[in-house]
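A short worksheet on the structure shown next.
Number of protein chains: 2
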Amino acid sequence: MGEVMSNSAGGEGALAIICGAGSLPFAVADAARGRGRRVVLFPLRGWADANRLESYPHHWVRFGALGRFCRIAAREGCRDVVFIGSVVRPALWQIWPDPAALRVLPRIIRMFRGGDDHLMSSLMKIFEECGFRPVGAHEIAPEILMPEGTVGQLQPSEGNRIDMALGLALLNAIGRFDVGQATVVADGHVLAVEAAEGTDEMLAQLAQLRRKGRIRSSGGVLVKAPKPGQDRRIDLPTIGPRTIAGAAQARLDGIAVVAGEAIIAEPERVAQAADQAGLFIVGTRQDRARTEDGAN
Amino acid sequence: MGEVMSNSAGGEGALAIICGAGSLPFAVADAARGRGRRVVLFPLRGWADANRLESYPHHWVRFGALGRFCRIAAREGCRDVVFIGSVVRPALWQIWPDPAALRVLPRIIRMFRGGDDHLMSSLMKIFEECGFRPVGAHEIAPEILMPEGTVGQLQPSEGNRIDMALGLALLNAIGRFDVGQATVVADGHVLAVEAAEGTDEMLAQLAQLRRKGRIRSSGGVLVKAPKPGQDRRIDLPTIGPRTIAGAAQARLDGIAVVAGEAIIAEPERVAQAADQAGLFIVGTRQDRARTEDGAN
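This is the structure:
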């Protein structure tokens, strides 16, 4: 901590990026750099993509290395910190707390009782108390947000739009239970609701059920939306090339996400893959479902 | 139809039982016989257990054999008809309509747009119009309903009870979407929500996610409840020996179902299997969750 806390580029200082898996951490880093901001990456051991790290200043961290992060981030002149990339919720016993984390261990234990939102918002608070400011990846790089309208060539049918509205209303109704952010609806029939398994796994399971003939309808729409009241700084719903592959395997018609409230990773690859697979991808507004639901 | 519509045993006539898979059709048949009522089984081809049929008068039927069922059931003097045993929702193209079903085909096609409740209640209406009276299996055999309190030796912990209340509130909130009747909650965290896959498959997937380390918590409660407003004559949530095996594989602490509103198949085997697996099984009241939810 002894070093200079220099503030470069516009008085904002360097940006700390705690990196999970996938390409998004690098998209955010590139966007910040493009705006002239210095970035320091903190790849999470076991998750972050080591191959792409070389061209960025970075320091590996593991779950529970709170003291190490705070020390290095302060030395690097970071105040803003972004959490981005996918990470599976670790078990409590997988957190090896360093001395700084040990001091807040009782709070960490309490954090683990409840859903992901509860866990993440408690974690944000701990970072704030250590003097950092958690910011949303989309505040740094708004270009990663899903636009309104279609990505790729295909359009949803009228039936798909009805399924989308049903899916959005369902997600809105279960949001307060701090459960998943995705569902699959086909012909007015809810085929899957995401909980702890994550979207990719949900789609893989649906694909399997269809292959085995356990679900005998075809088509349908994957609908993703943020939970009502969800902290946008942490966990916006995300789609990327893997989501397209999963949706194609599950023989869906397309994917709908809430425009401006979901992240699209590698949009060009997504558009190309969707066209090849014959899927539509659409950024929709949430108003319609909310109104139907009588909430918000 | 030309034959006598004789009404035996208490003026109720014979009871037609349309049989899906599992032991429940036979439990209902035995209960009705025990009360002196004649039963005629209509095992569904591809689902009903052929080995156990011999000791009952029966006529095989397939999906779509509406005319055949009506003809034989009328000849057998049946007015009441029970649907019982598990059946996976067939695809529309798997229904080979006979001439009677052909006449209502446009309605059958419409039935398939929507959730299971919608499908089943439309089906009930068609049977009613053919002169039959659909009755709930639990009206014929109330002994198949889950009692209040524990089955087997083990009791839920205070933490399990909190998870139970959360699970019931969640099921209550999603009921109007005509989606699943089951969820798994562990330590305040919703791990799984049943949709089209069914409870056994949901538990198998959860077991797999835990084996693969994708879900790293342990314990939890399977909660099953009927949908609000669900037609009790068709589709009460059911647990049986297979549910216990599935819950054990998924490393849960136990199972909670709404007492008097869920069916327990083979209760002695369930109790024994639960004790062996170290699981609690409890019939709970729904009031608490409903009150917390501010609904009903």
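From first to last, the protein sequence lines are chains X and H.
Mind the numbering: the first sequence is residues 686 to 981 in this note's numbering, read in order.
Mind the numbering: the second sequence is residues 686 to 981 in this note's numbering, read in order.
Think of the CB as a built atom: it goes at the ideal place given N, C-alpha and C, for glycine as much as any other residue.
CB-CB length for residue i against residue j, believed under 8 Å
i	j	result
residue 878 of chain H	residue 905 of chain H	Contact doesn't hold; Cβ gap of about 13 Å is too wide.
residue 943 of chain H	residue 969 of chain H	6 Å
residue 765 of chain H	residue 701 of chain H	7 Å
residue 713 of chain X	residue 730 of chain X	Contact flag wrong, Cβ pair sits at about 19 Å.
residue 707 of chain X	residue 771 of chain X	5 Å
residue 727 of chain H	residue 744 of chain H	6 Å
residue 946 of chain X	residue 907 of chain X	16 Å between Cβ atoms; not a contact.
residue 749 of chain X	residue 699 of chain X	Actually they are not in contact, since the Cβ atoms of residue 749 of chain X and residue 699 of chain X sit about 23 Å apart, beyond 8 Å.
residue 967 of chain H	residue 835 of chain H	5 Å
Buried/exposed call for residue i, threshold 16 Cβ in 10 Å
i	result
residue 931 of chain H	buried
residue 845 of chain H	buried
residue 882 of chain H	buried
residue 915 of chain X	buried
residue 953 of chain H	exposed
residue 857 of chain X	buried
residue 795 of chain H	exposed
residue 890 of chain H	buried
residue 918 of chain H	buried
residue 692 of chain H	Only weak support is given to the placement of residue 692 of chain H: the predicted model assigns it a pLDDT of 38, under 50, and the value that follows is read from those uncertain coordinates. Under this definition residue 692 of chain H is an exposed residue.
residue 781 of chain H	exposed
residue 709 of chain H	buried
residue 964 of chain X	buried
residue 971 of chain X	buried
residue 819 of chain X	buried
residue 866 of chain X	buried
residue 735 of chain X	exposed
residue 790 of chain X	exposed
Residue i - containing alpha helix (DSSP H), residue span
i	result
residue 859 of chain X	843-859
residue 752 of chain X	751-760
residue 719 of chain X	709-719
residue 931 of chain H	926-934
residue 921 of chain X	Premise fails: residue 921 of chain X is in no alpha helix (DSSP H) and is neither H nor E.
residue 955 of chain X	952-962
residue 765 of chain X	Careful: residue 765 of chain X lies outside any alpha helix (DSSP H), inside the beta strand (DSSP E) at 763-769.
residue 889 of chain X	884-896
residue 871 of chain H	First-last for residue 871 of chain H: 867-871, but that is the beta strand (DSSP E), not the alpha helix (DSSP H).
residue 786 of chain X	784-788
Endpoints, beta strand (DSSP E) assigned at residue i
i	result
residue 728 of chain H	724-728
residue 798 of chain H	Premise fails: residue 798 of chain H is in no beta strand (DSSP E) and is neither H nor E.
residue 823 of chain H	It is not in any beta strand (DSSP E) - residue 823 of chain H instead sits in the alpha helix (DSSP H) that spans 822-825.
residue 876 of chain H	874-878
residue 700 of chain X	699-704
residue 912 of chain X	Neither: residue 912 of chain X is in no beta strand (DSSP E) and is coded neither H nor E.
residue 834 of chain H	834-836
residue 965 of chain H	965-969
Contact with chain H by residue i, beta-carbon distance below 8 Å
i	result
residue 872 of chain X	yes
residue 858 of chain X	yes
residue 927 of chain X	no
residue 878 of chain X	yes
residue 890 of chain X	yes
residue 899 of chain X	yes
residue 798 of chain X	yes
residue 789 of chain X	no
residue 748 of chain X	no
Residue i at chain X interface by Cβ criterion, 8 Å
i	result
residue 977 of chain H	Reliability of the predicted coordinates at residue 977 of chain H is poor, the pLDDT of 42 falling under 50, and the value obtained from them is presented with this limitation in mind. Not one chain X Cβ lies under 8 Å of residue 977 of chain H.
residue 915 of chain H	no
residue 906 of chain H	no
residue 795 of chain H	no
residue 772 of chain H	no
residue 881 of chain H	yes
residue 843 of chain H	no
residue 855 of chain H	yes
residue 808 of chain H	no
Okay, do the stretch 791-803 of chain X and the stretch 885-903 of chain X touch, 3+ Cβ pairs below 8 Å being the bar? Touching, no, given that fewer than three Cβ pairs across the two stretches are closer than 8 Å.
Evaluate contact between the stretch 819-834 of chain X and the stretch 844-858 of chain X, counting only Cβ atoms and requiring at least three cross-stretch pairs below 8 Å. With a cut-off of 8 Å, the stretch 844-858 of chain X and the stretch 819-834 of chain X do not count as touching, because too few Cβ pairs lie within range.
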